[in-house]
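Asker: First, the structure itself, so that you have it in front of you.
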Amino acid sequence: MGLLKSLFTNCANPQGRMGRAMLRFMNLCHAPLTNWGLDLIHFQDGWTMLDVGCGGGATLKRLLKRSKNSQVYGIDISKESVEKARKVNAKLLDKRVFVAQGSVEKLPYDNDIFDLVTAVETIYFWPNLPACLQEVRRVLKPGGRFAIMVEVVDSKSKWIDLCEGITAYSPDLLKKMLDEAGVVQTETHLKQANNATIIGVNT
Ligand SMILES: C[S@@+](CC[C@H](N)C(=O)[O-])C[C@H]1O[C@@H](n2cnc3c(N)ncnc32)[C@H](O)[C@@H]1O
863 MGLLKSLFTN CANPQGRMGR AMLRFMNLCH APLTNWGLDL IHFQDGWTML DVGCGGGATL
923 KRLLKRSKNS QVYGIDISKE SVEKARKVNA KLLDKRVFVA QGSVEKLPYD NDIFDLVTAV
983 ETIYFWPNLP ACLQEVRRVL KPGGRFAIMV EVVDSKSKWI DLCEGITAYS PDLLKKMLDE
1043 AGVVQTETHL KQANNATIIG VNT
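Just so you know, we're using the numbering used here here: the sequence shown kicks off at 863 and counts up by one.
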């Protein structure tokens, strides 16, 4: 495997030295997509929020800034991601920021507790996406929002070749899957060729 491909393969489950390099890179490079997506959400103070596939934890920091007196939870399948996210949020760790290792397939949270769940550049890697969407819905409060941000919306993207295990979903397909999971009133926002934010509301 070439160096570049091996580096990007660490997007799916960052591990070791390459994984740590990738997490630093993603914390910086995902800022424009994440901030654009978060700008589309009407935040309120005191929210309880979850970032699934939180990677290096930059989104957790961004969420905290947008909702005063909030609490933010992060979860990621990768131990390396969890360590980095904890370091990046060290000041508020276990006070307002809580980071756990685990998979979106079985979230370690009670039903109906989050006002907002975000997923930035991660749904491509989730196994059995419809079941994972159901699991996200389970932890959302009624009326809570789920925001998906992606920059791969079709199978022609260069990332499909670079990162192992990526599945591209079109915004239309995502909307249909969200509807079926009970996350409705979906808004789709598109920017440039490939950036999409899809926001739905839990019924
Ligand atoms: C491309 S990175 C994006 C990280 C972060 N959201 C960001 O924007 O920088 C994808 C992340 O999703 C995580 N991930 C992949 N499959 C997952 C799963 N089943 N459950 C939770 N996290 C997962 C990976 O470990 C990785 O940290």
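We put the beta carbon where it would ideally sit given N, CA and C, even for glycine.
Straight-line CA distance for R999 to N872?
Answerer: For R999 and N872, the distance between alpha carbons rounds to 27 Å.
Asker: So is the beta-carbon of T832 under 7 Å away from any non-hydrogen atom of ligand 1?
Answerer: Past the boundaries of the shown model lies residue 832; the chain is included only from 863 to 1065, so the question cannot be answered.
Asker: In chain order, which alpha helix (DSSP H) runs of at least 4 residues are fully inside the stretch 886 to 924?
Answerer: DSSP runs (the alpha helix (DSSP H)) wholly in the stretch 886 to 924: 893 to 901.
Asker: Alpha helix (DSSP H) containing K1038: first to last residue?
Answerer: Start and end: 1033 to 1043.
Asker: If you draw a straight line from the C-alpha of Y971 to the C-alpha of V1046, how long is it?
Answerer: Cα to Cα, the separation comes out at about 22 Å.
Asker: Count the C-beta pairs between the stretch 939 to 949 and the stretch 907 to 920 that are closer than 8 Å, then say yes if the count reaches three, no if not.
Answerer: A contact exists between the stretch 939 to 949 and the stretch 907 to 920.
Asker: Is any heavy atom in ligand 1 found nearer than 7 Å to the beta carbon of F960?
Answerer: F960: no, Cβ never under 7 Å from ligand 1.
Asker: Terminal residues of the continuous beta strand (DSSP E) containing D977?
Answerer: Where D977 is concerned, the enclosing beta strand (DSSP E) stretches over 976 to 982.
Asker: Using a threshold of 7 Å, is the CB atom of N1056 nearer than that to any non-hydrogen atom of ligand 1?
Answerer: No, since every heavy atom of ligand 1 falls outside the 7 Å radius drawn around the Cβ of N1056.
Asker: I think V979 touches L1002, with their Cβ atoms under 8 Å apart; what is that distance to the nearest whole Å?
Answerer: At roughly 6 Å, the Cβ-Cβ gap stays under 8 Å, so V979 and L1002 are in contact.
Asker: Name, in chain order, the residues that DSSP records as bridge partners for M1011.
Answerer: DSSP lists V982, T1059 as partners of M1011.
Asker: Looking only at its own chain, which residues have a Cβ that is under 6 Å from the Cβ of D974, when we skip the five neighbours before and after it?
Answerer: Excluding positions up to five away in sequence, the list reads K1003.
Asker: Please check the pair I1060 and L1024, which I expect to be a contact at CB under 8 Å, by giving their CB distance rounded to whole angstroms.
Answerer: With a Cβ gap of about 23 Å, I1060 and L1024 do not count as contacting.
Asker: May I have the straight-line CA-CA distance separating R958 from N897, to the nearest angstrom?
Answerer: Computed Cα separation, rounded: 20 Å.
Asker: Classify T921 as buried or exposed, calling it buried when 16 or more other Cβ atoms lie within 10 Å of its own Cβ.
Answerer: Label assigned to T921: buried.
Asker: Work out the CA separation of N1057 and F976 for me, nearest whole Å.
Answerer: Distance between the alpha carbons of F976 and N1057 is about 25 Å.
Asker: Consult DSSP for E1049 and reduce its assignment to one of helix, strand or coil.
Answerer: Note: E1049 maps to strand in three-state DSSP.
Asker: Of all the options L912, C994, A1043, T984, which has the alpha carbon lying nearest to the alpha carbon of W1021?
Answerer: Comparing Cα positions, the closest option is T984.
Asker: DSSP beta-bridge partners for L955?
Answerer: Answer is V959, bridged to L955.
Asker: According to DSSP, is K1003 part of a helix, a strand, or is it coil?
Answerer: Strand.
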